Structures are given as structure tokens and as C-alpha cells.
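Novice: Respectively, the protein sequence lines represent chains A and B. Residue numbers for the first sequence follow my numbering, beginning at 69 and rising by one. Residue numbers for the second sequence follow my numbering, beginning at 69 and rising by one. Before I ask anything, let me first share the structure, which is written out below as C-alpha cells.
Protein chains: 2
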Amino acid sequence: MVTMKNIEGGVCAAHGFYADGLAIGLKKEGARDLAFIYADTPCVNVSVFTTNKMTAAPIRHFRQKGNFEGNFVLINAKNANAMTGNVGIEDINEVLNELQKQFPDIQHPVMSSTGVIGVRLPKEKIIQGAMGIDLTRREGVAASEAIMTTDTFAKRIAFEITLNDGKTFRIGAMAKGAGMINPAMATMLCFITTDALVDKVTMQTMLDACTRTTFNAASVDGDTSTNDTVLLMANGKSGVFHPEAFKEALERIMLFLAKEMVRDGEGATKLVTYKVTGALSDTEAEITAKALSNSLLVKTALFGEDPNWGRIASTVGASGVMCDEATLSIWFDEVCVYQKGDLLFNDTLEPFAAAVMQKSAFTIHCDIGQGTGEFIAYGCDLGHEYVKINADYRT
Amino acid sequence: MVTMKNIEGGVCAAHGFYADGLAIGLKKEGARDLAFIYADTPCVNVSVFTTNKMTAAPIRHFRQKGNFEGNFVLINAKNANAMTGNVGIEDINEVLNELQKQFPDIQHPVMSSTGVIGVRLPKEKIIQGAMGIDLTRREGVAASEAIMTTDTFAKRIAFEITLNDGKTFRIGAMAKGAGMINPAMATMLCFITTDALVDKVTMQTMLDACTRTTFNAASVDGDTSTNDTVLLMANGKSGVFHPEAFKEALERIMLFLAKEMVRDGEGATKLVTYKVTGALSDTEAEITAKALSNSLLVKTALFGEDPNWGRIASTVGASGVMCDEATLSIWFDEVCVYQKGDLLFNDTLEPFAAAVMQKSAFTIHCDIGQGTGEFIAYGCDLGHEYVKINADYRT
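Below is the structure:
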């Protein structure tokens, strides 16, 4: 039997990975603001990047490198290095060249950034700060704190997987989100490390599949950042290759972090699972589930704990998929509020529906009644705190 | 020379049209909540309805009638008659049958509704209240007040157009919006009446074209209601047919009302014009302009009066159209904050950009630099008041 056990260590839980978070003066009040991940052997790297066409410099730099076996990622907060043109890439090269001079063991380093758009990278500060890096540190907690922006808590997780034959491999990760996905500050970044022995093609295929059902199914505000990045590094040190166990562990890690991001959405007080079934296709179910998780009217009704199922029905209709009020059914957790044309909702039912809305996590299930397509998306409410955070971010 | 003059009267400014707003107890505190529009001769009617697939009963009822020359519209607030199935249509027929018994001059009446979704129409109250209708009243102001929901001011306008030969025709309208378009309460409704002599096909073509650049270019929250309706009635009484003048008057009326709706968006404090030029096509410009007007991050930055041009650039990139940071330029009114890769924004420029953001109406212009496609959209900011209104609507 394959077993999967939660372990400490986050992004340096896997053998051969090192990480730390430093405070170099980018954030105020001495908070950690520069993180690194280092592997003591070359790694297979696969990644998923933002679909935003104004791709930030670190992503363009990464793509220019092509197929490489890098062992080092430098991550800074407070500056996205986005809309900075070729100068943005030159700044990265300068920072990383200086790093390689100081630390000859670093191979094919890359960079990842989150923060304000349209301001040049404070490269002198970063170069100077990075000189304080100690590649032997295994401080997964500190690293996960350094990449936070408006996140209110650090996000990390790790598993040790034991196979039938007693062999083990590890996989760990850290992420930041807050606004998912919030261009000006709260870019979604996720770094995953593993000592599993996985080939590049398999890893990329799995990462793409898991991204669809985890990070791409999660929404705080429906905006897509210039910097969004998911990076998966594998050093093969465990010598273990078990595709099913690896895929399951990867998906659990990504789903956990995606939900943590939504739960920590700017000003969010609720984590809502939108389960759409009975759509004509999985794609139509996905469209509807995401429309629900992004609707301002649904999000504000959640914040108000108002069991306003009419907004749910209307959003299903507005999402453009094949649907009909005579085949639609809606549940708040187990409470059915509308069933195939029957107006069930009344003063007797309302307190039960309202009680579900008052929970910090619950499921809104829409069965469209047109086919067998399914998708699950994750969203949060939108309250005064979101407005407060985003109305006055830069100041 | 064709001249166009603002006149009073709203929806009954045109000859042969009558309207009033009654208080029949649907709203609290004796506010007007039932309106009618009546023409003393048969009218040519054309319409544009919501694209939401959960179409409300009044729209399905209207469509069932097919091609008809009706002269009466009854409009109620507080109940959308949506998600009410066939019973919703039966309720409408019952209301309208009772009306026709009382008022034999009414031909092919239709109904329009706005309010809560998923509750049956209070038909007895409406029938009883409608008995108080006086078809000789010309109270355009009262009618425009009766259709308000969360609107903070009534919206109406009318023009008298004088042609070269001294002949005149009139066109007037009323509308409600608030949330544009807000499923649970603030459906967008617009009623336009004219005594111009226009054939049905021409009218429908013009209404469709004008809808694209006015109501469909305006957004408060990006949601599409179950009840959205634009209805244009023409009785031909002026005997005047001048397509260019008619089209211009129609577009001016619709644009004025669309902007009024955005200006009165729930909690909105600013009316922002998003001008997108240089897109690959008009369609791509439209996609980007609407993405800007719907972005939560842009809307909250507007509310915070924060000249955060990075969010504008990022939203352009996220909209999926052909674009590049090296060809994009951004202006806040006349203040250029980003030009084709140049990071113009600095401490000197910021106060000028910030001063624009403090205005109650201004233009954000993005030139994408890829082609000649153009579109103008209209949006508002999103502040605490929006959350307050929508978090707790039904109570």
C-alpha cells in the first residue's frame, strides 16, 4: 500500500534541496523579502506561466533559457519587474551573474518576482542582499514567509510517500497568492521541489493537468497577473519513480495550496467550492463554475451571507452554456434551494440555507441537467477589506 | 440643417404617447413602483433582450407574441418574475387580460419586470393597482421614478428634431440601471418612444447597432441580468422619416442613458471612459475596453484614486488580444503615463496623473499599437458602497 504522510520542511523537505528567506530591505520593518531555492545537484525543471501577454521579465528570461537543468531560483517581493522591457531582463542577468561569481555551485539560475508593475528592479539592493545567502540553510518556513505580499499567512506543505516496497520519495512546496491573481502585488507564485526520479515530459504533463483542476480552478478576483508562475524542480535523488503516487501527491499539494490562496484571498472570509455537474461537457461545466466563482454579485451575496440563489441561477444563465431553468437544480451544501423549476425556497427553508452561508467553508452545487460534464472551482467572498486593500495598494 | 433640441417629457415627449408611475405597495413607504407606457395608436415595436439563458418570464412572453403592433407596456419593480417557469408567463397573461377588460383600447400589451429572482409575481396586487391607471396621463417623470430599484436618480431624456424642411419628430426615453447589469435587483431596462415614421427593419438594425456602442459598452459589475430589455416603440404620428437624424438621436439618447446608468452604478463615484485604439480589430479593441471596465483591480484602483497604470497594462495583457509592452501607450486624460516601453511614470508625473484620477469623470486611453481597431467602453469604480448594497440586498 502506498502511504502519504505530511512532513515539515516545505520547499526543502525533499532530499538535496535548500532554501531560506532573507530580509534585505525591500519590505518595510525588516520583514523577509528575498528567498532562494537551491539544489545540490542539477534538476529537471518544468513550469507553467501566466497567460497574460504582458509577460514579466523573469518569465521572459526563463523562457529564453530554453531547456536547462538549473539548480537555483531567486525570488524577490515588492517589485514584479513587469512592463520593464529588455532592461528588465538585463537587470536579471546582472543580478544572477553577480550571484554566480559569489556562489560557483549555482547552475543556470532563474529569478521570480512579485510586487509593483512598471518600476525597475532594485538590482543593487538585491545583489547586495543576495551576498548574504547561505546555500546550506534548509529554512522552508523563512523562504515561504519571504515571498508573501498581502498574504496574511505563509503557505507551504510537504509529503513523504512510502511505496509498497518500502522505498520513499518526498515532495514539498511553498506558494503565495492573496489576490488570485492580482497583477499589482499579489501574483500567484508556487515552487515545488521533489526528490522523485521523474522525467521531464511526464512531469510537464502532470503539472499541466494538475494546474487545470487546482490553481486555474481557484479565483479571488478573476484577474491574471503578469508574473504568475508554477515551477516544479526534481533532482531524482530518491531514485524512486511511481507515476500514480507522484501525480496524486502533486495534485494534493497543488490543491491544498490553491485552496489556501483562496482562503487567504484579500479580505476573504469564506472558501466556497463551486461544484457544477450535468453540463453538456466538462468544458461547459468549467465555464459555469468559473463564472460563479468570479461573479461580483455572487461574491457580495456570500459576504452578506445572503442565500440569494437567484444570483446563482442568473450567473449560470449568463455564463453562456446550454442550460434551462426547468433542468437546473441548486444546493447549498445538502440544502436544495431550487429543483428543476420548483421554487422550493420559502421562509421554512431560508434558515437552513442561511446557516450554510454562515459557515467559513461550504459547497454550492449546480446540476445543470443537460449532460454529464463536471468541474469544481474554488472562490471566496468579496467584502469591504478587498476594497480597502486594493483601493490604496501602492501607498 | 437638422437641429436637435432637448425637451421635457421623457417617454411621453413624442406625440401620441402616455405614461405614468403609480404607487401600488410593491415598494416600501409609498414609493412609485408600477409604470405604464400607452400609445393611442398601434406601434411598431423592436427590442433587444438579455443574452442570459435564464430568460425571465416577461421576455419569454414578449417573444411568444412574435410580430405584433402593441400599444401598451406595464412595468413593475421589486419582482423580476424570473426562474418562475411557465407559471410566470401565466401570471403575466392573467394580469394583462384583466387590464384589457378594464381598458379596451389596449392592444397586444406586454410586461417588463425588475426585482428579486425566483419569487412569483404578486399578481393580485398588480392587477388591483393597475385598475388605478389613467391612460390620458402624460407623467414621464413619475413613470421614470416607478421603474427605479437601487437607482439613486431617475433617468430620462427627450429630443425634438427639426429637419431642413421645418418638419419635426420627437424621441424620448426612460431607463433604470444602478447595477449594470445586476441580476437580483438592478436589471437594466430602457423604454424609448418616438413619433418618427420608421419601418421595423430599419429600427431593429439601428437599435442593434446603437446597443453595441452604448448599453453593451457600459458596465457596472459585468453581470448580465435575466430581465435586461431595451424596447423601442414608434407610432409614426409625425409622418417624418429621416434615417440619419433618427439614428443620431437614437444613439445620443441611448449613450446618455448608458452613461447615466454607469454614473449611478451601485456605490459608484466616478464615470470612466475606456478608449482603446490601435487594436488589431474593432472586436479586439472591444474585448480590451470591456476587460478594463470590468477588472476588479482597475475598479478598486479608481475608487482609491491611485494612478496605478500597471494594473491597466496588466489587464490589457490579460484580455488576450494581440499586444506587446513595446507598442502599448497609456494616457489618463492628457497625461501619458507609459509610452511604448518607456517608464515615464515618476514622482514628477504622479501628481498630474493623480489629479486626473480625482475627477468625477475622465478617460483612460490605451493605444495598443498593433492596428487600427477602436472601441470605447464606459465603467465606474467599485467601492465600499457596492459591497454594502450587494451584500445584503434582499433584507
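C-beta: ideal position from N, C-alpha, C; glycine also. These numbers were taken from a predicted model, which means no experiment stands behind them.
(1) Ignore the nearest five residues each way along the sequence and tell me which others in B/ASP350's own chain have a CB closer than 7 angstroms to its CB.
(2) Could you spell out where the alpha helix (DSSP H) holding B/LYS121 opens and where it closes?
(3) Is there at least one Cβ from chain B nearer than 8 angstroms to A/TYR406's Cβ?
(4) Quick one: Cα of A/VAL116 to Cα of B/ALA386, how far?
(5) For my contact list, A/MET256 and A/GLY245 are in at a C-beta cut-off of 8 angstroms; report their separation, rounded to the angstrom.
(6) Is there contact between the region 417 to 435 of chain B and the region 430 to 437 of chain A, where contact requires at least three CB pairs shorter than 8 angstroms?
(7) For A/CYS448 and A/VAL330, which I take to be in contact (beta-carbon distance under 8 angstroms), what is that distance rounded to the nearest angstrom?
(8) Sort B/ASN303, B/ALA285, B/ASP332 and B/LEU360 by Cα distance to B/LEU323 and report the nearest one.
(9) Check distances from the C-beta atoms of the region 379 to 395 of chain B to those of chain A and list, in chain order, the residues that come in under 9 angstroms.
(10) With A/ALA125 and A/ASN147 assumed to form a contact (beta carbons below 8 angstroms), what rounded beta-carbon distance in angstroms separates them?
(11) Quick one: which chain B residues come within Cβ less than 9 angstroms of A/ASP291?
(12) In angstroms with no decimal places, state the Cα-to-Cα distance between A/PHE413 and B/ILE185.
(13) Ordered along the chain, which non-local residues of its own chain (more than five positions away) have a Cβ less than 8 angstroms from that of B/GLY208?
(14) Going straight from the alpha carbon of B/THR71 to that of B/LEU299, what length do you get?
(15) So B/GLY89 is in the beta strand (DSSP E); what residue range does that whole segment cover?
(16) Quick one: is B/VAL344 near chain A, going by C-beta distance under 8 angstroms?
(17) Among A/LEU411, A/VAL340, A/LYS367 and A/SER363, whose alpha-carbon lies nearest the alpha-carbon of A/VAL424?
(18) So, B/ASP101 versus B/ALA214, is the Cβ gap smaller than 8 angstroms?
(19) Kindly indicate which three-state DSSP category A/PHE104 falls into: helix, strand or coil?
(20) Which of the three DSSP states is assigned to B/CYS278 in this structure?
(21) I'd like to check one pair, A/CYS391 with B/LYS121: are the Cβ atoms closer than 8 angstroms?
(22) For A/HIS452, would you say it is in contact with chain B, using Cβ-to-Cβ distances shorter than 8 angstroms as the test?
(23) Could you confirm whether any beta carbon from chain A is found closer than 8 angstroms to the beta carbon of B/MET425?
(24) Roughly how many angstroms lie between the CA atoms of B/MET248 and B/LEU365, to the nearest whole one?
(25) Using CA coordinates, which residue listed in B/THR119, B/ASN113 and B/MET199 is at the minimum distance from B/LYS133?
(26) If I measure Cβ to Cβ from B/GLN407 and keep anything under 7 angstroms in the same chain, skipping five residues before and after, which residues do I get?
(27) Would A/VAL455 pass as an interface residue toward chain B - the criterion being a Cβ-Cβ separation below 8 angstroms?
(28) Can you have a look at A/GLU97 and say buried or exposed, based on whether 16 or more other CB atoms are within 10 angstroms of its CB?
(29) Can you pull the chain A neighbours of B/THR337, defined as C-beta to C-beta under 7 angstroms?
(30) A/LEU189 CB to nearest chain B CB: under 8 angstroms?
(31) Just the chain A side, please: which residues come within less than 8 angstroms of B/THR152 by C-beta, in chain order?
(32) Whole angstroms is fine: what's the gap from B/GLU312's alpha carbon to B/GLY304's?
(33) Quick check on A/MET69: buried or exposed, where buried means 16 or more other Cβ atoms within 10 Å of its Cβ?
(34) Here's a check: name, in chain order, each residue in its chain whose Cβ is nearer than 8 angstroms to the Cβ of B/ILE160, leaving out the five neighbours to either side.
(35) With 16 other CB atoms within 10 Å as the buried threshold, where does B/ASP233 fall?
(36) Assign A/ARG238 to one of two classes, buried (16 or more other C-beta atoms within 10 Å of its C-beta) or exposed (fewer than that).
Specialist: Reading off the structure:
(1) GLY441, GLU442 and PHE443
(2) Unbroken run through B/LYS121: none, as it is neither H nor E.
(3) yes
(4) 16 angstroms
(5) Contact holds; Cβ gap of about 5 angstroms.
(6) no
(7) 5 angstroms
(8) B/ALA285
(9) Taking 9 angstroms as the Cβ-Cβ cut-off against chain A, the residues of the region 379 to 395 of chain B that qualify are ARG379, ALA381, SER382, THR383, VAL384, GLY385, ALA386, SER387, GLY388, VAL389, MET390, CYS391, ASP392, GLU393 and ALA394.
(10) About 10 angstroms separates the two Cβ atoms, so there is no contact after all.
(11) SER363, LEU364, LEU365, VAL366, ARG379, SER382, THR383 and ALA386
(12) 11 angstroms
(13) GLU76, GLY77, GLY78, VAL79, CYS80, ALA81, ALA87, ARG224, ALA226, GLY240 and MET242
(14) 25 angstroms
(15) Per DSSP, the continuous beta strand (DSSP E) segment holding B/GLY89 begins and ends at 85 to 90.
(16) Among the CB atoms of chain A, none fall inside 8 angstroms of the CB of B/VAL344.
(17) A/VAL340
(18) yes
(19) DSSP places A/PHE104 in strand when its eight states are reduced to three.
(20) helix
(21) yes
(22) yes
(23) no
(24) Residue confidence is low: B/MET248 scores 40 on pLDDT, short of 50, so the model does not pin down where it sits. No coordinate-derived value is stated.
(25) Answer by Cα proximity: B/ASN113.
(26) SER397
(27) yes
(28) exposed
(29) Result: empty, since nearest Cβ-Cβ is about 11 angstroms, beyond 7 angstroms.
(30) no
(31) At a beta-carbon threshold of 8 angstroms, the residues of chain A lying near B/THR152 are LEU411, ordered along the chain.
(32) Their Cα atoms are separated by approximately 16 angstroms.
(33) exposed
(34) ALA125, PRO126, HIS129, ASN149, MET179 and LEU189, listed in sequence order.
(35) exposed
(36) buried
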